[in-house]
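Chains as they are written, first to last, in our numbering: chain A, 1 to 302; chain B, 303 to 604.
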């Protein structure tokens with residue numbers, strides 16, 4: 001087993017997580033969550049989304065949140081930008097990275113954003129161009145790289161196709177997302193392998209959902225391929241609103257516990273991270289959706 | 303990655319699981335659970351324990367349960383036997399395998415069974431001898447092989463020591479159990495490596511708890527060492543009554559899902575297994591403690 005000695009985690013809780021809450025979370029709470037994440041040692045945080053509040057009212061406070069964060073040196077704050085209009089609005093808030101997105105499944109692309117994969121990427125081209133011209137990094141989120149709620153299994157060739165399109169328009173690094181959490185280690189490795197046709201391994205992030213409890217074994221399988229960037233969500237916030245039953249971003253706590261147990265550095269203080277997760281979970285009136293957080297909170301309760 | 307093409311699962315739910323229920327479960331329900339497990343394709347089932355009902359009232363119906371099972375050819379029914387008296391009682395019920403046990407942690411051994419590791423194994427010697435003389439297989443459950451609730455980290459040397467003692471008294475195969483679920487892949491591999499000093503890999507079973515969400519990544523790490531026997535508990539029944547907060551046998555459903563997703567055969571019908579887990583969970587008045595069972599039941603609910 002050849003494993004990285006250090007892993008970079010991107011916490012997507014404030015955006016991917018809180019976007020899925022029925023009741024919008026106040027900007028002040030989101031800002032506090034970001035502050036707690038960076039205090040815990042997170043150096044990449046997906047903060048918000050510049051989409052129409054008509055579609056995603058949960059992120060209507062995007063500018064307020066970005067403006068309210070006391071930025072910490074060395075931390076990268078990223079935002080989702082679905083189109084040029086969103087990008088222009090995002091630009092004013094000085095994100096370090098923007099995120100564009102596409103699905104490896106045609107059916108998902110059509111149902112989710114009402115166009116083909118190729119069309120979706122074409123629409124993102126000017127956004128990517130504008131971001132790069134403004135000196136802002138660009139990440140591409142590739143959803144449904146293993147399975148699709150409408151199509152079932154997704155072939156690695158479709159992942160390679162999407163990764164190729166992302167590369168063509170100038171995307172600098174990509175997320176290999178198992179959006180509905182159906183992946184298992186060998187299938188996830190095939191999706192990553194397909195992505196490596198177009199991106200260096202250091203420009204690949206694993207994004208695994210825990211719907212079927214597979215996120216950590218998939219993370220281990222990806223680590224064994226040399227992947228060292230992963231996305232996760234504090235307290236396991238969020239999921240996929242488009243796929244019924246497909247809740248379950250893997251919790252950052254569970255990922256950090258495994259990595260530290262394997263001697264892999266993350267720069268994250270697990271106790272402070274559990275505190276951050278407890279803070280937002282308390283606000284939402286539920287327990288953290290994280291085995292590690294629950295075990296540690298139980299232990300603390302003595 | 304060199305992986306086995308077939309894995310043998312031992313469901314410990316009826317014993318290790320139901321032993322931890324405050325309210326004893328009626329014998330008829332236990333028998334029905336065993337019937338449903340074998341109907342789902344399980345070929346090894348840990349049925350009950352022949353311990354004093356004073357200590358474990360949940361298993362007081364051991365003979366009734368063993369007597370009530372309609373046995374299926376090719377299925378191995380195992381029972382726990384802590385001493386000769388228990389073994390004599392068990393013998394009348396014709397188990398295929400008995401289970402003796404020991405801890406890799408001295409502190410745990412003292413707190414749990416009030417004697418040293420060496421003493422505990424010495425006491426088991428006549429039980430093992432009697433079982434082998436009667437043509438009954440013998441398995442040794444090794445607890446706390448990674449961490450101990452009283453001692454913290456457990457060194458691989460302690461695992462090797464326990465495995466050696468087990469081998470000496472005639473135990474044929476052993477479980478490497480992470481009783482409190484604190485293990486991560488590399489540490490679990492070290493515990494297995496230590497065990498392999500005394501047992502062939504085909505005589506090693508992985509038994510991982512999911513307390514910190516690590517059971518499946520640990521399973522993957524063990525598979526990669528060639529281990530192909532694993533214990534798990536339908537619906538994630540049970541845990542460890544001796545370690546606070548240490549609930550969490552990994553669910554058989556989650557393990558089966560991962561294995562099948564990797565193309566590894568188990569002979570188990572996942573849908574029927576989910577039914578078996580739903581049956582006992584319904585009886586207990588709660589949801590299965592299994593990501594896969596929840597996801598599949600959600601999906602069925604449409």
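Glycine included, each C-beta is placed from N, C-alpha and C at the ideal position.
Spatial neighbours of residue 386 (chain B) in its chain, beta-carbon cut-off 8 Å, leaving aside the 5 residues before and after: The beta carbon of residue 386 (chain B) lies closer than 8 Å to those of 428, 429, 432 in the same chain, with the five residues before and after it left out.
Candidates A:43, A:175, A:58, A:108: closest to residue 219 (chain A) by CA position: Here the closest residue by C-alpha is A:175.
As assigned by DSSP and simplified to three states, the class of residue 500 (chain B): Three-state DSSP puts residue 500 (chain B) in coil, outside helix and strand.
Classification of residue 57 (chain A) by the beta-carbon crowding that lies within 10 angstroms, buried from 16 upward: So residue 57 (chain A) ends up on the exposed side.
Boundaries (first-last residue) of the beta strand (DSSP E) holding residue 50 (chain A): Residue 50 (chain A) -> no beta strand (DSSP E), and no H or E assigned at all.
Boundaries of the alpha helix (DSSP H) in which residue 21 (chain A) is found, first to last residue: Where residue 21 (chain A) is concerned, there is no enclosing alpha helix (DSSP H), given that its DSSP letter is neither H nor E.
C-alpha gap between residue 544 (chain B) and residue 413 (chain B), whole angstroms: Model confidence at residue 544 (chain B) stands at a pLDDT of 49, short of 50, so the residue's coordinates are unreliable; what they give is reported in the following sentence. Rounded to the nearest whole angstrom, the CA to CA distance from residue 544 (chain B) to residue 413 (chain B) is 8 Å.
Separation of residue 395 (chain B) from residue 369 (chain B), as counted between CA atoms: Rounded to the nearest angstrom, the two C-alpha atoms are 6 Å apart.
Chain-ordered chain A contacts of residue 594 (chain B) [CB-CB under 8 Å]: Here the neighbours are 212, 213.
Top-ranked residue by Cα proximity to residue 450 (chain B), from B:310, B:471, B:481, B:425: The residue with the shortest Cα to Cα distance from residue 450 (chain B) is B:481.
Those residues which DSSP pairs with residue 144 (chain A) across a bridge: Partner residues in a beta bridge of residue 144 (chain A), as assigned by DSSP, do not exist.
Test item: CB-CB of residue 43 (chain A) and residue 75 (chain A) under 8 Å: Taking 8 Å as the Cβ cut-off, residue 43 (chain A) and residue 75 (chain A) qualify as a contacting pair.
Proximity test, Cβ basis, 8 Å: residue 569 (chain B) and chain A: No, because no Cβ of chain A sits closer than 8 Å to the Cβ of residue 569 (chain B).
Whole runs of the beta strand (DSSP E) within the stretch 76-157 of chain A, excluding any shorter than 3 residues: Runs of the beta strand (DSSP E) spanning 3 or more residues and lying entirely within the stretch 76-157 of chain A occur at 76-80, 97-103, 137-143, in chain order.
Contacts around residue 559 (chain B), its chain only, beta-carbon distance under 7 Å, and the 5 residues preceding and following it disregarded: The beta carbon of residue 559 (chain B) sits closer than 7 Å to those of 572, 594, all from its chain and outside the five residues before and after it, given in chain order.
Contact with chain B by residue 206 (chain A), beta-carbon distance below 8 Å: Not closer than 8 Å to any Cβ of chain B, the Cβ of residue 206 (chain A) fails to qualify, so no.
Candidates B:454, B:557, B:538, of which the one nearest residue 532 (chain B) by Cα: Checked all of B:454, B:557, B:538; the closest Cα to residue 532 (chain B) is B:557.
Contact check, residue 235 (chain A) vs residue 13 (chain A), beta carbons under 8 Å: Yes, they are a contact pair.
Where the beta strand (DSSP E) containing residue 304 (chain B) begins and where it ends: For residue 304 (chain B), there is no enclosing beta strand (DSSP E), since its DSSP letter is neither H nor E.
Bridge partner(s) assigned by DSSP for residue 531 (chain B): According to DSSP, residue 531 (chain B) bridges with B:310, B:507.
Residue 472 (chain B) at chain A interface by Cβ criterion, 8 Å: No, no contact with chain A.
Test item: CB-CB of residue 158 (chain A) and residue 99 (chain A) under 8 Å: For residue 158 (chain A) and residue 99 (chain A), no; Cβs fall outside 8 Å.
Interface partners of residue 559 (chain B) on chain A, CB under 8 Å: Those are 184, 212, 213, 214, listed as they occur along chain A.
Reference residue 493 (chain B); option with closest CA among B:474, B:563, B:514, B:447: Residue 493 (chain B) has its Cα closest to that of B:447, out of B:474, B:563, B:514, B:447.
Beta-carbon neighbours of residue 166 (chain A), restricted to chain B and to distances below 8 Å: Here the premise fails: no neighbours, minimum Cβ distance about 26 Å.
Every unbroken alpha helix (DSSP H) within the stretch 257-285 of chain A, with a cutoff of 4 residues, ordered by chain: Restricting attention to alpha helix (DSSP H) runs no shorter than 4 residues, the stretch 257-285 of chain A encloses them at 270-284, ordered along the chain.
Strand pairing of residue 553 (chain B), partner residues [DSSP]: According to DSSP, which records beta bridges pairwise, residue 553 (chain B) is partnered with B:535.
Residue 580 (chain B) at chain A interface by Cβ criterion, 8 Å: By this cut-off, residue 580 (chain B) is not an interface position.
When B:339, B:354, B:404, B:382 are compared against residue 373 (chain B), the one with the closest alpha-carbon: Residue 373 (chain B) has its Cα closest to that of B:339, out of B:339, B:354, B:404, B:382.
Within 8 Å, strictly: CB atoms of residue 79 (chain A) and residue 50 (chain A): The answer is yes: Cβ separation under 8 Å.
Close-in-space but distant-in-sequence residues of the same chain around residue 434 (chain B) (CB under 6 Å, 5 per side omitted): Taking C-beta separations shorter than 6 Å and ignoring five residues to either side along the sequence, the partners of residue 434 (chain B) in its chain run 472, following chain order.
Where residue 476 (chain B) sits in the DSSP three-state scheme: Collapsing the DSSP output to three states places residue 476 (chain B) in a strand.
Against chain B: residues of the stretch 39-59 of chain A by CB proximity under 9 Å: Nothing from the stretch 39-59 of chain A brings a Cβ to less than 9 Å from some Cβ of chain B.
Proximity of residue 6 (chain A) and residue 264 (chain A) at Cβ, strictly below 8 Å: Result yes, Cβ atoms of residue 6 (chain A) and residue 264 (chain A) sit closer than 8 Å.
Proximal residues of chain B, C-beta to C-beta of residue 217 (chain A) below 8 Å: Contact note: residue 217 (chain A) reaches chain B through 518, 519, 521, 522, 560, using a C-beta cutoff of 8 Å and chain order.
Endpoints, the alpha helix (DSSP H) within which residue 179 (chain A) is located: Run containing residue 179 (chain A): none; DSSP gives neither H nor E here.
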